[in-house]
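Novice: If you scroll down you'll find the structure; I have some questions about it.
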Amino acid sequence: MKAESAGGVSPRRRPPSPAMGRARYVVVLSLVVIGMVLLAGRIVTLHVIDRTFLQGQGDARTLRTESLTAHRGMISDRHGEPLAISTPVVTLWANPQEVPEDRIQRLMLAQALNMSLDDLDTRLARFSEREFMYLRRQLTPVAAQRVLDLRMAGVYAQHEYKRYYPAGEVAAQLLGVTNVDDMGQEGIELAYQPYLAGTPGQRRVIKDRRGRLVRDLATLREAQPGGELVLSIDQRLQYMAYRELKAAVAEHEADGGVVVMMDARTGEVLAMANQPSYNPNNRAGLDPRGLRNQAIVDVFEPGSVMKPLAMAAIMESGQFESDVVVDTSPGWMMLDRFTIRDIRNYGRLDLAGILEKSSNIGMSRLVLELEEPLVPELYRRLGFGQSTETGFPGEAVGHMPAPVRWSRSQWAALSYGYGLSVSALQLASAYTTLANDGVRMPPSLLRLPEAPAGTPTVDPEIAHDLLRIMEESVQPGTGGRRAGVPGYRVAGKTGTVRKTSVSGYEQDAYRSLFAGIAPVSDPRIVTIVMIDHPRAGDYFGGAVAAPVFSRVTGSALRLLDVPPDQRVR
Numbered sequence: 001m002k003a004e005s006a007g008g009v010s011p012r013r014r015p016p017s018p019a020m021g022r023a024r025y026v027v028v029l030s031l032v033v034i035g036m037v038l039l040a041g042r043i044v045t046l047h048v049i050d051r052t053f054l055q056g057q058g059d060a061r062t063l064r065t066e067s068l069t070a071h072r073g074m075i076s077d078r079h080g081e082p083l084a085i086s087t088p089v090v091t092l093w094a095n096p097q098e099v100p101e102d103r104i105q106r107l108m109l110a111q112a113l114n115m116s117l118d119d120l121d122t123r124l125a126r127f128s129e130r131e132f133m134y135l136r137r138q139l140t141p142v143a144a145q146r147v148l149d150l151r152m153a154g155v156y157a158q159h160e161y162k163r164y165y166p167a168g169e170v171a172a173q174l175l176g177v178t179n180v181d182d183m184g185q186e187g188i189e190l191a192y193q194p195y196l197a198g199t200p201g202q203r204r205v206i207k208d209r210r211g212r213l214v215r216d217l218a219t220l221r222e223a224q225p226g227g228e229l230v231l232s233i234d235q236r237l238q239y240m241a242y243r244e245l246k247a248a249v250a251e252h253e254a255d256g257g258v259v260v261m262m263d264a265r266t267g268e269v270l271a272m273a274n275q276p277s278y279n280p281n282n283r284a285g286l287d288p289r290g291l292r293n294q295a296i297v298d299v300f301e302p303g304s305v306m307k308p309l310a311m312a313a314i315m316e317s318g319q320f321e322s323d324v325v326v327d328t329s330p331g332w333m334m335l336d337r338f339t340i341r342d343i344r345n346y347g348r349l350d351l352a353g354i355l356e357k358s359s360n361i362g363m364s365r366l367v368l369e370l371e372e373p374l375v376p377e378l379y380r381r382l383g384f385g386q387s388t389e390t391g392f393p394g395e396a397v398g399h400m401p402a403p404v405r406w407s408r409s410q411w412a413a414l415s416y417g418y419g420l421s422v423s424a425l426q427l428a429s430a431y432t433t434l435a436n437d438g439v440r441m442p443p444s445l446l447r448l449p450e451a452p453a454g455t456p457t458v459d460p461e462i463a464h465d466l467l468r469i470m471e472e473s474v475q476p477g478t479g480g481r482r483a484g485v486p487g488y489r490v491a492g493k494t495g496t497v498r499k500t501s502v503s504g505y506e507q508d509a510y511r512s513l514f515a516g517i518a519p520v521s522d523p524r525i526v527t528i529v530m531i532d533h534p535r536a537g538d539y540f541g542g543a544v545a546a547p548v549f550s551r552v553t554g555s556a557l558r559l560l561d562v563p564p565d566q567r568v569r
C-alpha cells in the first residue's frame, strides 16, 4: 500500500457526507426563498406603496389632457340673418422628427398639401430640431382628410373653427375680423371678444408614443359656446346703403364715403356703410384704408349740416322773433381778421331763408347777437366732443374748443360748422333730436328690446319748426332738391366743407354731406351721407351727397313699409 502511494497513484475521494449535502440544500433553498420574499415584497411595494408614483409615471407617457375648442357665438342682424358664423376646419401639424425621409412619401404629402416638395423639405429642415410645426392652418375637413388618408407618420390633425362672413365686404368694418386663432381683432368681434369667444373645454385621452389617439377616456369640462349677438343692423338696408355708396364713390371718383342710417325713434343704427371696404373672407391684397369704420373712428369738420342745430340754439335764446329778417349784404364780412363769405350776396333773409340758402353771414350775425355761448352749449348737450358709448374700438369723441378760447370769430365759425370735428355717428345721433320731438336718442349698435327714454335736449315746438324749415330746403329749386323722395316728405340740410391738412385748408379738396330726416309727418329714419373728396367735377353736397340720400332713404322707407305722407299737388 505504501509502495503504490509512493508511485504517484492518488487515493480515492471520499463521498460527501449526508450532513454536508443537507447543508448545501438548505443554503440554496434559503436563497431561493429569500429571493422570492424579496420579489414578493417588491411587488407589494410597487402595487401598494409606490402605486401612485408608478401610475403617474405611466400616465405621463400615455395620458393626455386636450383642450376642446369652444364654438364662437354667431353675430346676426336684427331679423336673425347671420352676419358672422363659425365653421369647422382642420389644422394639420407635424413632428418633423417623425416624418419619413422617403422621397416618395414626402412627395405624396407635398401634393396632398398643395405645395412643392422643395418647400416641404425646406420647412421640415427648418424645424428639424423641434417636435411641432404647422403644415396647413384651417383646411376644410374634406381637404384635410385627403392628407390624413396617407397615414403618414408624424402628421396629425387639430380641429378648430374659422369665422365666415356671409355679407362679405358689405358690413366688414362694422363686424371686424378674427385672426387665425379665432380671436377678435377689429370691430364688433373685438369689442365683444369675451362674450363671443365662449369657454374652451377639456377631455382626457390616451395616446401612444407617436401622439396617436388610443382611447377617449372622459370629458372633464364641456366647452361652453360663445354668446350670440344680435345687432341693430337690418341686412337689407345695409346691402342697399353699401351699394348706393359704392356707386356714388365710383361715379364721383372720390376717396371714400360713409352712410349712417338710424332709427329716429330708438337710436338703433339700421345701416352703416363705408368705402373703401374689403372682403373679410379673403384678405389677400387688403387695402389698410378699408379696415377703418370711418363712421365711428374718423372725424371731420361738418360744415353747413350743423346750421339747423345751431339755429335751434338761436331760436331757444328768445332774443329773436320767428319773423326776424337778417341783412346778409354784401355777402361777406370781416371778423377778427378773418373773412366770412357766402357764395353770393343773398340780401335780406328770414330764418328759413338762411337755412335754405345756407348763409354763413346770416348765421354769424344771429350768433354774434347772442349774449351767451348758447350754440356750443347746445352742441355739447347733443353729444359732440363726447363718446357715443357704443363700445366700438377706437371710437372718436371729436373736438369741441375749450370755452376759454372762444372768440367772436370762433362763435361765428361754430354756427356754420367750422372749428369743431364730429363723427358721422355723432351727427346722426344729434339729428334724432330734431326728428324725435327734441329728445336725443343715444346710438346703439345692438338691437334694443324697447326704445330708451332718450334725453330731452331741444324744445319740442322748436324741433317741429326746424323740421318744417328743413323741409323747405329740399323743395324744387333749392340746393337740396336732389334729396327729395317721391311720395314722402323729407327734411334735410346740405353741407360742403373744405378738407384740412397739416398746412391748413386744402385747395380743391372737399367733403360733400347731406343730413336728412324722413318722413316729416312721422319721422322714422335719420340718414347721414358723407362723400370724401369727389374729383369728377361736382363737389357740393346738394349735387353729390343728396342724391345718395334720396336713393337710400327711398328704398329704406319702402322696405320698412312706411306709408307715403306726401300730398299730391
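So for the sequence shown, the UniProt record's numbering puts the first residue at 1; every next one is plus one.
C-beta atoms are modelled at their ideal positions from N, C-alpha and C, and glycine is treated no differently.
Just so you know, these numbers come straight off a predicted model, no measurement behind them.
Do you know offhand how far V170's Cα is from A273's?
Specialist: Working through the sequence shown from its first residue, we reach residue 170 at position 170. Working through the sequence shown from its first residue, we reach residue 273 at position 273. Looking at the two C-alpha atoms, the distance is approximately 7 Å.
Novice: For Q224, which of R243, P200, S232, R236 has the nearest alpha-carbon?
Specialist: Within the sequence shown, the letter at position 224 stands for residue 224. Comparing Cα positions, the closest option is P200.
Novice: Starting from the Cα of E301, find the closest Cα among V397, L237, W332 and give me that residue.
Specialist: One-based indexing of the sequence shown puts residue 301 at position 301. The shortest Cα separation from E301 among V397, L237, W332 belongs to V397.
Novice: Taking 8 Å as the cut-off, does the stretch 156 to 167 touch the stretch 100 to 107 (at least 3 CB pairs, one atom from each stretch)?
Specialist: As far as the Cβ criterion goes, the stretch 100 to 107 does not touch the stretch 156 to 167, which means the pair count is below three.
Novice: Could you give the DSSP three-state label for D350: helix, strand or coil?
Specialist: The residue given as residue 350 occupies position 350 in the sequence shown. Residue state, collapsed to three classes: strand.
Novice: Please confirm whether G73 and P393 have their CB atoms less than 8 Å apart.
Specialist: Working through the sequence shown from its first residue, we reach residue 73 at position 73. Working through the sequence shown from its first residue, we reach residue 393 at position 393. Contact: no.
Novice: Rounded to the nearest angstrom, how far is the Cβ of P403 from that of L425, given a contact under 8 Å?
Specialist: In the sequence shown, the residue the question calls residue 403 occupies position 403. In the sequence shown, the residue the question calls residue 425 occupies position 425. Actually they do not touch by this definition, with Cβ atoms about 25 Å apart.
Novice: Where does Q507 fall in DSSP's three states?
Specialist: If you number the sequence shown from 1, residue 507 lands on position 507. The answer is strand: DSSP assigns Q507 an E or B state.
Novice: Below 8 Å on the Cβ atoms is my contact criterion, and I expect T457 with S429 to pass it. Report the Cβ-Cβ distance as a whole number of Å.
Specialist: As a first step, residue 457 must be located in the sequence shown, where it is residue number 457. As a first step, residue 429 must be located in the sequence shown, where it is residue number 429. Contact doesn't hold; Cβ gap of about 10 Å is too wide.
Novice: Tell me whether S5 sits in a helix, a strand or coil according to DSSP, three-state version.
Specialist: Position 5 of the sequence shown, counted from the first residue, corresponds to residue 5. Since pLDDT at S5 reaches only 47, below the 50 mark, its modelled position is unreliable, and the value read off the structure follows with that caveat. Three-state DSSP puts S5 in a helix.
Novice: Just tell me which of H533, S86, T494 has its CA closest to the CA of Y505.
Specialist: Start at 1 with the first residue of the sequence shown, and residue 505 comes out as number 505. Taking only the C-alpha atoms, the option nearest Y505 is H533.
Novice: Would you kindly report the start and end of the unbroken beta strand (DSSP E) that includes V155?
Specialist: The residue given as residue 155 occupies position 155 in the sequence shown. Looking at the DSSP string, the run of the beta strand (DSSP E) that includes V155 is 155 to 164.
Novice: Distance check for Q185 and R482, CA to CA, integer angstroms please.
Specialist: For this step, residue 482 is matched to residue 482 along the sequence shown. For this step, residue 185 is matched to residue 185 along the sequence shown. Near 40 Å, if we compare the C-alpha coordinates of Q185 and R482.
Novice: Jot down the residue ranges of each uninterrupted alpha helix (DSSP H) in the stretch 397 to 438, minimum 4 residues, whole runs only, in chain order.
Specialist: With a minimum length of 4 residues, the continuous alpha helix (DSSP H) runs that stay inside the stretch 397 to 438 are 408 to 415, 424 to 435.
Novice: Please list, in chain order, all residues of the same chain as L513 whose beta carbon is under 6 Å from its beta carbon, the five residues on each side excluded.
Specialist: Residue 513 sits at position 513 when you count from the first residue of the sequence shown. Here the set comprises V305, G495, M530, G541, A545.
Novice: Between the C-alpha atoms of R569 and P486, what's the straight-line distance to the nearest angstrom?
Specialist: Reading the sequence shown from its first residue, position 569 is the one you call residue 569. Reading the sequence shown from its first residue, position 486 is the one you call residue 486. Legend: pLDDT at R569 = 46, less than 50; position of this residue unreliable, no value from coordinates given.
Novice: Between the stretch 350 to 366 and the stretch 320 to 333, are three or more C-beta pairs nearer than 8 Å?
Specialist: Output reads yes: the stretch 320 to 333 touches the stretch 350 to 366.
Novice: Cutting at 7 Å between CB atoms, please list the residues of its own chain near S550, excluding the five before and the five after it.
Specialist: If you number the sequence shown from 1, residue 550 lands on position 550. Same-chain partners within the cutoff: R482, A483, G484, V485.
Novice: If we call anything under 8 Å between Cβ atoms a contact, is P276 one with G303?
Specialist: Within the sequence shown, numbered from 1, the residue matching residue 276 stands at position 276. Within the sequence shown, numbered from 1, the residue matching residue 303 stands at position 303. Not a contact, by the Cβ cut-off of 8 Å.
Novice: Could you check which residue in P308, S116, L231 has the C-alpha nearest to that of G391?
Specialist: Mapped onto the sequence shown, residue 391 falls at position 391. Taking only the C-alpha atoms, the option nearest G391 is L231.
Novice: Could you spell out the range, first to last residue, of the beta strand (DSSP E) harbouring R337?
Specialist: Your numbering for residue 337 matches position 337 in the sequence shown. That residue, R337, is in no beta strand (DSSP E); it is neither H nor E in DSSP.
Novice: Between I34 and S17, what straight-line distance do the alpha-carbon atoms span, to the nearest angstrom?
Specialist: As a position in the sequence shown, residue 34 is number 34, starting the count at 1. As a position in the sequence shown, residue 17 is number 17, starting the count at 1. About 26 Å.
Novice: Look at the alpha carbon of S5 and the alpha carbon of G21, and state the distance between them as a whole number of angstroms.
Specialist: The residue given as residue 5 occupies position 5 in the sequence shown. The residue given as residue 21 occupies position 21 in the sequence shown. Low confidence applies to S5: its pLDDT is 47, below 50, so where it sits in the model is not reliable, and the reading given next is rough at best. Answer to the nearest angstrom: the Cα atoms are 30 Å apart.
Novice: So, for V497: in the same chain, excluding its five sequence neighbours on each side, which residues have a beta-carbon less than 6 Å away from its beta-carbon?
Specialist: Position 497 of the sequence shown, counted from the first residue, corresponds to residue 497. Contacts found: E301, G303, R511.
Novice: Under the DSSP definition of a beta bridge, which residues are partnered with K493?
Specialist: Walking along the sequence shown from the start, residue 493 turns up at place 493. Answer is A515, bridged to K493.
Novice: V90 lies in the beta strand (DSSP E); which residues open and close that run?
Specialist: What you label residue 90 is simply residue 90 of the sequence shown in a count that begins at 1. It spans 82 to 94 - the beta strand (DSSP E) in which V90 sits, taken as one unbroken run.
Novice: Per DSSP, P280 is paired with what?
Specialist: Stepping through the sequence shown from its first residue, residue 280 is reached at position 280. Looking at the DSSP assignment, P280 forms no beta bridge with any residue, so it has no partner.
Novice: Since I believe L355 is in contact with I469 (beta carbons under 8 Å), could you give me their beta-carbon distance rounded to a whole number of angstroms?
Specialist: As a first step, residue 469 must be located in the sequence shown, where it is residue number 469. As a first step, residue 355 must be located in the sequence shown, where it is residue number 355. Yes, I469 and L355 are in contact; Cβ-Cβ is about 6 Å, under 8 Å.
Novice: How long is the line joining the alpha carbons of I43 and S30, rounded to whole angstroms?
Specialist: Counting from one through the sequence shown, the residue named residue 43 turns up at place 43. Counting from one through the sequence shown, the residue named residue 30 turns up at place 30. Approximately 20 Å, taken between the alpha carbons.
Novice: Three-state secondary structure (DSSP) at G187?
Specialist: Position 187 of the sequence shown holds residue 187. Here G187 sits in helix by DSSP.
Novice: Does the distance from the C-beta atom of M400 to that of Y416 stay below 8 Å?
Specialist: Taking the first residue of the sequence shown as 1, we reach residue 400 at position 400. Taking the first residue of the sequence shown as 1, we reach residue 416 at position 416. Cβ atoms of M400 and Y416: not closer than 8 Å.
Novice: Kindly list the residues whose CB is nearer than 8 Å to the CB of Y195, restricted to its own chain and excluding five residues on each side of it in sequence; keep chain order.
Specialist: Position 195 of the sequence shown, counted from the first residue, corresponds to residue 195. The residues are G73, G226, G227, L229.
Novice: Quick check on the burial criterion: 16 or more other C-beta atoms within 10 angstroms. Buried or exposed for V27?
Specialist: Walking along the sequence shown from the start, residue 27 turns up at place 27. Looking at its Cβ environment, which holds fewer than 16 other Cβ atoms inside 10 Å, V27 is exposed.
Novice: Does DSSP put D149 in a helix, a strand or coil?
Specialist: Locating residue 149 in the sequence shown gives position 149, counting from the first residue. Note: D149 maps to coil in three-state DSSP.
Novice: Mind checking P523: buried by the 16 CB within 10 Å criterion, or exposed?
Specialist: Against the sequence shown, residue 523 aligns to sequence position 523. It counts as buried.
Novice: Can you tell me where the alpha helix (DSSP H) with R136 in it begins and where it stops?
Specialist: Within the sequence shown, residue 136 is the residue found at index 136, counting from 1. No alpha helix (DSSP H) holds R136; the beta strand (DSSP E) holding it covers 133 to 139.
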